[in-house]
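2 protein chains.
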Amino acid sequence: MDVDTRLLRYFAAVAQEGSLTRAAERLFVSQPALTKQVRQLEALLGTPLFTRSRAGMALTEPGRALAERVPGLLADWDRVLRETRGAAARAARVLRVGFLANAAGESTPRVVAAFTRRRPGWRVDMRQAAWSNPSAGLAGGEVDAALLRLPFPGQDALRVEVLFTEPRWVVLPSTHRLAAREVIAFSELWDEPFVAAEAGTGAWRDYWLAADERGGRPVRIGTVADHPDDWLSAVANGYGVALAPASAGRFYARPGITYRPVSGVSPSRVGVAWAPDDDADPVVRDFVACCLDERR
Amino acid sequence: MDVDTRLLRYFAAVAQEGSLTRAAERLFVSQPALTKQVRQLEALLGTPLFTRSRAGMALTEPGRALAERVPGLLADWDRVLRETRGAAARAARVLRVGFLANAAGESTPRVVAAFTRRRPGWRVDMRQAAWSNPSAGLAGGEVDAALLRLPFPGQDALRVEVLFTEPRWVVLPSTHRLAAREVIAFSELWDEPFVAAEAGTGAWRDYWLAADERGGRPVRIGTVADHPDDWLSAVANGYGVALAPASAGRFYARPGITYRPVSGVSPSRVGVAWAPDDDADPVVRDFVACCLDERR
DNA sequence: CGACATCCATGCCGCCAGGTTATAGGCGCA
DNA sequence: TGCGCCTATAACCTGGCGGCATGGATGTCG
Chain A
1 MDVDTRLLRY
11 FAAVAQEGSL
21 TRAAERLFVS
31 QPALTKQVRQ
41 LEALLGTPLF
51 TRSRAGMALT
61 EPGRALAERV
71 PGLLADWDRV
81 LRETRGAAAR
91 AARVLRVGFL
101 ANAAGESTPR
111 VVAAFTRRRP
121 GWRVDMRQAA
131 WSNPSAGLAG
141 GEVDAALLRL
151 PFPGQDALRV
161 EVLFTEPRWV
171 VLPSTHRLAA
181 REVIAFSELW
191 DEPFVAAEAG
201 TGAWRDYWLA
211 ADERGGRPVR
221 IGTVADHPDD
231 WLSAVANGYG
241 VALAPASAGR
251 FYARPGITYR
261 PVSGVSPSRV
271 GVAWAPDDDA
281 DPVVRDFVAC
291 CLDERR
Chain E
1 MDVDTRLLRY
11 FAAVAQEGSL
21 TRAAERLFVS
31 QPALTKQVRQ
41 LEALLGTPLF
51 TRSRAGMALT
61 EPGRALAERV
71 PGLLADWDRV
81 LRETRGAAAR
91 AARVLRVGFL
101 ANAAGESTPR
111 VVAAFTRRRP
121 GWRVDMRQAA
131 WSNPSAGLAG
141 GEVDAALLRL
151 PFPGQDALRV
161 EVLFTEPRWV
171 VLPSTHRLAA
181 REVIAFSELW
191 DEPFVAAEAG
201 TGAWRDYWLA
211 ADERGGRPVR
221 IGTVADHPDD
231 WLSAVANGYG
241 VALAPASAGR
251 FYARPGITYR
261 PVSGVSPSRV
271 GVAWAPDDDA
281 DPVVRDFVAC
291 CLDERR
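Chains A and E, in that order, give the protein sequences. First residue of the first sequence? That's 1 in UniProt numbering, and the numbers climb one at a time after it. First residue of the second sequence? That's 1 in UniProt numbering, and the numbers climb one at a time after it.
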């Protein structure tokens with residue numbers, strides 16, 4: 001018997017939401033489409049997976065059994081997909097390097113050039129990731145190496161070499177009372193509302209709020225932003241200020257915002273990271289070596 | 001990204017056959033349909049999985065990576081399917097019992113009646129399996145218990161209780177020179193061609209050929225049959241003789257064939273089997289207990 | 001060297017699946 | 001009893017899947 005992983009994802013969403021209407025919204029399909037798909041899965045399996053009521057969809061016993069197993073199955077498929085694409089990249093002599101906005105640094109073109117000299121026939125595929133993906137795809141195997149701002153969640157499970165540090169500055173609206181200062185003491189910012197990353201990013205978000213460097217005071221969150229554009233807009237619109245690497249001013253200049261040096265806060269570190277399984281991989285080692293050479 | 005397991009099965013078949021034409025035949029689809037499906041999978045993954053030539057389809061490196069992983073994925077899906085259906089049967093208070101033709105025995109109705117008295121609200125779903133499935137679905141988890149002729153492949157991994165024995169007789173064409181005998185000595189059958197089960201069934205096939213009770217002489221195979229009808233036809237048409245339980249004559253009577261007692265060959269044993277994981281399962285234990293009670 | 005065989009690919013067509021919108025049915029609540 | 005909320009059904013549209021007919025490429029053989 002065959003099934004589409006889409007059907008299994010639909011089922012899993014309904015199982016989690018307990019409602020066809022909410023699951024349909026989450027999946028960006030109409031509720032009637034979802035009700036038909038779930039009915040089809042039940043027909044395929046020959047057993048009801050849900051009981052229906054005005055209160056929504058409750059799992060039956062077989063539904064529960066399936067709901068326990070489907071996430072593992074979908075995760076396995078995602079892993080097979082990644083590993084196949086990884087093999088494809090290798091076969092095509094492409095090194096996939098993830099990075100977050102502005103973590104790559106200005107020396108990246110030289111690193112790439114050095115790598116392709118060392119490995120003729122190879123090329124580097126630079127892949128930008130969203131800030132909510134702090135390992136830039138490395139943890140999930142979507143890339144072979146990554147240039148990352150440290151620290152990031154899951155870092156302990158990956159190999160990291162620090163490449164350079166960079167002062168952290170503050171981004172604030174140009175009309176802000178502190179915007180004209182040459183240097184701003186961090187303690188003067190402790191009561192400002194901050195634009196933060198999503199809560200789920202843990203240590204990463206805390207780091208960029210300098211949560212551990214506020215003398216024990218809590219952080220005031222003005223708003224949450226997940227993408228540089230949203231982050232800049234939030235600052236420009238006065239929802240809060242934010243810490244950023246000094247170089248961010250060159251990448252993310254925008255009318256209405258100002259970057260200023262900050263004293264009393266640790267600098268940002270940028271590193272190259274790779275998976276422990278690739279320690280012996282000569283291609284990954286060469287890339288890391290080129291990064292380290294450029295550091296000197 | 002979503003994929004249908006049908007697409008993965010198609011891919012796996014092509015990978016194994018090395019040819020779209022042969023894989024299409026095996027999958028009962030047309031060759032153009034298969035070529036389009038494989039192309040679609042390659043488009044989905046964004047990488048070629050095969051190189052094409054007049055010699056057929058050779059796996060690329062990513063194709064090889066996928067071909068290594070897809071069987072495990074499909075096996076996991078089959079397992080999830082089985083476990084879901086198992087949960088469904090439990091929820092519906094149905095005990096699924098597999099059996100091979102005539103292994104169930106005449107006392108089965110009494111066993112089922114005793115079980116439903118002991119477990120009101122439950123019913124037994126008797127499921128006949130093909131002879132090529134000697135555990136009647138028990139090894140794969142398609143059933144909860146099984147009534148089986150012993151021995152069978154994979155038996156060591158399952159729990160078994162012998163219920164009864166039954167003499168083995170011979171089935172031969174009515175025109176056979178030995179057909180009129182009251183009892184036939186097995187040694188007189190040693191040179192006869194035999195109708196056998198498929199080679200892949202191992203010990204099961206050897207048992208029904210009484211391979212270990214021929215004084216070291218090899219078995220002459222007349223033909224292979226996988227289903228009772230084919231097996232009976234083969235005997236009637238004179239392709240060979242066969243050993244069978246004595247009771248088979250009542251289930252498989254047919255013009256042109258005769259059943260006769262045989263001396264010098266061990267009797268057939270019938271047992272109830274279940275999976276070790278179900279040792280503590282009270283429902284399975286009750287069924288086994290009912291089988292054992294009926295034995296007395 | 002041309003005919004033939006064999007393998008995969010393309011085009012066209014019919015049928016069905018997946019999605020939408022509109023709306024119906026059932027039920028709890030104020 | 002009307003309203004709101006949830007799932008289900010009907011009608012429609014578009015695209016996918018499979019078949020059949022045929023084409024393209026290539027190796028073999030006489």
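Even glycine gets a Cβ: it sits at the ideal position worked out from N, Cα and C.
Item                                                                                                                                                                                       : Value
Can you grab the Cα-Cα spacing for the pair Glu213 of chain E / Leu49 of chain E, in whole Å?                                                                                              : 52 Å
Quick one: list the residues of chain E neighbouring Pro62 of chain A, beta-carbon separation under 8 Å, in chain order.                                                                   : Thr84, Arg85, Ala87, Ala88, Ala91
Excluding the 5 residues flanking Arg168 of chain E on each side, which residues of the same chain have their C-beta closer than 8 Å to its C-beta?                                        : Ala210, Leu243, Ala244, Pro245, Ala246, Val262, Val265, Ser266, Pro267, Ser268
Put Tyr207 of chain A into one of helix, strand or coil per three-state DSSP.                                                                                                              : helix
The alpha helix (DSSP H) spanning Gln37 of chain E covers which residue range?                                                                                                             : 31-45
With distances taken Cα to Cα, identify the nearest neighbour of Ala92 of chain E among A:Thr108, A:Glu61, A:Val70.                                                                        : A:Glu61
Beta strand (DSSP E) containing Pro62 of chain E: first to last residue?                                                                                                                   : Taken as a continuous stretch (DSSP letters only), Pro62 of chain E belongs to no beta strand (DSSP E), being part of the alpha helix (DSSP H) at 61-91.
When DSSP builds the beta bridges, which residues end up paired with Asp125 of chain A?                                                                                                    : A:Arg96
Please state whether the Cβ-Cβ distance between Arg260 of chain A and Val170 of chain A is less than 8 Å.                                                                                  : yes
With H, G and I counted as helix, E and B as strand and the rest as coil, what does DSSP make of Phe164 of chain A?                                                                        : strand
Leaving out five residues on either side along the sequence, give the residues of the same chain with a beta carbon under 6 Å from the beta carbon of Phe11 of chain A.                    : Leu41
Going straight from the alpha carbon of Ser107 of chain E to that of Arg26 of chain E, what length do you get?                                                                             : 41 Å
Can you give me the Cβ contacts of Arg118 of chain E inside the same chain, cut-off strictly under 6 Å, excluding the 5 residues immediately before and after it?                          : Asp286
How would you label Phe99 of chain E, buried or exposed, when you count the other beta carbons within 10 angstroms and need 16 or more for buried?                                         : buried
From this set, A:Gly140, A:Ala253, A:Gln37, A:Ala87, which residue's C-alpha is nearest residue 306 of chain A's C-alpha?                                                                  : Nothing in the structure corresponds to residue 306 of chain A, since chain A is present only between 1 and 296.
Do you know how far the Cα of Glu294 of chain A is from the Cα of Gly271 of chain A?                                                                                                       : 12 Å
Can Glu142 of chain E and Arg82 of chain E be called in contact, C-beta distance under 8 Å?                                                                                                : yes
Applying a beta-carbon distance threshold of less than 7 Å, which residues of chain E neighbour Ala65 of chain A?                                                                          : Glu83, Thr84, Ala87
Can you tell me whether Val97 of chain E is buried or exposed? The criterion is at least 16 other CB atoms within 10 Å of its CB, across all chains shown.                                 : buried
When the Cα atoms are used, what is the spatial distance from Leu292 of chain E to Ser19 of chain E?                                                                                       : 52 Å
Looking at the C-beta of Met1 of chain A, does it have a partner C-beta in chain E at a distance below 8 Å?                                                                                : yes
Does the region 250-259 of chain A come close enough to the region 143-150 of chain A to have 3 or more Cβ pairs within less than 8 Å?                                                     : no
For Arg177 of chain A, which option in A:Gly238, A:Gly202, A:Cys290 has the closest C-alpha, if you only look at C-alpha atoms?                                                            : A:Gly238
If Leu34 of chain A sits next to Val14 of chain A, beta carbons under 8 Å apart, how far is it from one beta carbon to the other, in whole angstroms?                                      : 7 Å
So is Met1 of chain A buried or exposed if we call it buried at 16+ other beta carbons inside 10 Å?                                                                                        : exposed
Run through the region 263-293 of chain E for me and flag every whole beta strand (DSSP E) of 3 or more residues, listed as ranges in chain order.                                         : 268-274
By the 10 Å Cβ neighbour count, where 16 or more other Cβ atoms means buried, how is Ser135 of chain A classified, buried or exposed?                                                      : buried
Within the same chain, show all residues whose beta-carbon is closer than 7 Å to that of residue 300 of chain A, passing over the 5 residues directly before and after it, in chain order. : Outside the shown range of chain A, which is 1 to 296, sits residue 300 of chain A, and nothing can be said about it.
Does the beta-carbon of Gly137 of chain E have 16 or more other beta-carbons within 10 angstroms, so that it is buried, or is it exposed?                                                  : buried
Give the DSSP bridge partners of Asp4 of chain E, in chain order.                                                                                                                          : A:Asp4
Pro120 of chain A: buried (16+ other C-beta within 10 angstroms of its C-beta) or exposed?                                                                                                 : exposed
Output, in chain order, the set of chain E residues within a Cβ distance shorter than 8 Å of Val80 of chain A.                                                                             : Leu66, Arg69, Val70, Leu73
Given that Leu59 of chain E touches chain A, what residues does it touch there, using C-beta distances under 8 Å?                                                                          : Those within 8 Å of Leu59 of chain E in chain A number zero; the least Cβ separation is about 11 Å.
Look up Arg220 of chain E in the DSSP assignment and give the residues it is bridged to.                                                                                                   : E:Pro193
Report all residues from its chain with a CB closer than 8 Å to the CB of Ala157 of chain E; omit the five preceding and five following residues, and keep chain order.                    : Ala139, Pro276
Short of 7 Å in beta carbon distance, which residues of its chain neighbour Thr5 of chain A, apart from the five on each side in sequence? Order them along the chain.                     : Leu74, Trp77
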